[in-house]
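Down below is the structure, laid out as structure tokens.
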Ligand code: FAD
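Numbering (UniProt numbering), first residue to last: 208 to 509.
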């Protein structure tokens, strides 16, 4: 068996694997797609100490760093289920079973798509998901935020301090965000809120130039000119495959303590698949390191 088996090859998983391997213990990493969300990212400007990089380039350095250690890398393999027996057993989609004394789940998350024409086409060309990451790109421009829940309204407040104007579009007749966030939003002079509207299409040529929406009452189609938009309709953790053996919160994030420990002894989790409040590369890497050190501590005590 492995001493530490990491499931997931994004920033959290890679960091966990390197920290584990540096303890001289038998370490493996199994990933559906090495690099994770970083592979979908164009410019990265908040990976501290690196002023600018691009996702695929950062993912290649992850790979290079991992290969510097004796880590068993199983790429393009998807975990299907987890069971706790004498060891923790991970069954892969191809039927293989991997056994390990400790496991670190780092399967990340994915942004929920709007599913309208133009969204896929203009990803990284005006269609964005993360205000902490891409907000500054739209300095002085007109943008929209789709989604009036807490994350949408937090994004709109954040962006209002950077961009020229923010339009919030919410499908329901009312915003779902907490009252204090709504108050703060309505106190800002460069924000407009459209409720009871449905985004129909994101328009553009080589990049986004606007969006078309339907006013659900009375059913009028309208268009606004914009240079960017942030889709904030949910971040879905990749944790469904764990079933109900691993404790998760209402939105499916794995519940971890400050050691990265889950409800199952020997099972740890890190990064965007957990209930950590903010989802960023540096944060995921820190939590991966934290979980690996906790797994090592578990091994020397058991
Ligand atoms: P992920 O990166 O999601 O990696 C999860 C890993 O698990 C992947 O390897 C995946 O293939 C694997 N996996 C999933 N399910 C399974 C399974 N069942 N079996 C095996 N493997 C599985 N953050 C920043 O700090 N700065 C930025 O500029 C930035 N820009 C972003 C731009 C975009 C478009 C997106 C989508 C995200 C951006 N982020 C940015 C957020 C950042 O990418 C994430 O916070 C970070 O990648 C999370 O790392 P992670 O390792 O927890 O998860």
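Quick reminder that beta carbons are idealized off the backbone N, C-alpha and C, glycines included.
| Query | Result |
| --- | --- |
| What first and last residue would you give for the beta strand (DSSP E) that runs through residue 405? | 404-411 |
| List the DSSP bridge partners of residue 282. | 238 |
| Where does residue 483 land, buried or exposed, given buried means 16+ other C-beta within 10 angstroms? | buried |
| With a threshold of 8 Å on Cβ separation, who are the neighbours of residue 432 within its own chain once the five nearest residues in sequence on each side are excluded? | 349, 416, 417 |
| Going by the C-beta, is residue 342 closer than 7 Å to any heavy atom of ligand 1? | no |
| Tell me residue 230's beta-bridge partners as DSSP assigns them. | Its beta-bridge partners do not exist; DSSP assigns none. |
| Using CA atoms only, rank isn't needed, just tell me which of 231, 492, 359 is closest to residue 220. | 492 |
| By the three-class DSSP mapping on this structure, what secondary structure does residue 416 have? | strand |
| Between the C-alpha atoms of residue 232 and residue 485, what's the straight-line distance to the nearest angstrom? | 30 Å |
| Check the DSSP bridge columns for residue 455 and list the partner residues they point to. | 461 |
| Express the C-alpha separation of residue 496 and residue 222 in angstroms, rounding to a whole number. | 6 Å |
| Could you tell me if the beta carbon of residue 213 falls within a distance shorter than 7 Å of some heavy atom in ligand 1? | no |
| Roughly how many whole angstroms lie between the Cα atoms of residue 437 and residue 378? | 15 Å |
| Do you know how far the Cα of residue 299 is from the Cα of residue 343? | 40 Å |
| Ignore the nearest five residues each way along the sequence and tell me which others in residue 248's own chain have a CB closer than 6 Å to its CB. | 262 |
| According to DSSP, is residue 307 part of a helix, a strand, or is it coil? | strand |
| Closest Cβ-Cβ distance between residue 488 and chain B: below 8 Å? | Protein chains in the displayed structure number just one, and chain B is not present. |
| Which partner residues of residue 339 appear in the DSSP bridge assignment? | According to DSSP, which records beta bridges pairwise, residue 339 is partnered with nothing at all. |
| Is it true that the CB of residue 444 sits closer than 8 Å to the CB of residue 307? | no |
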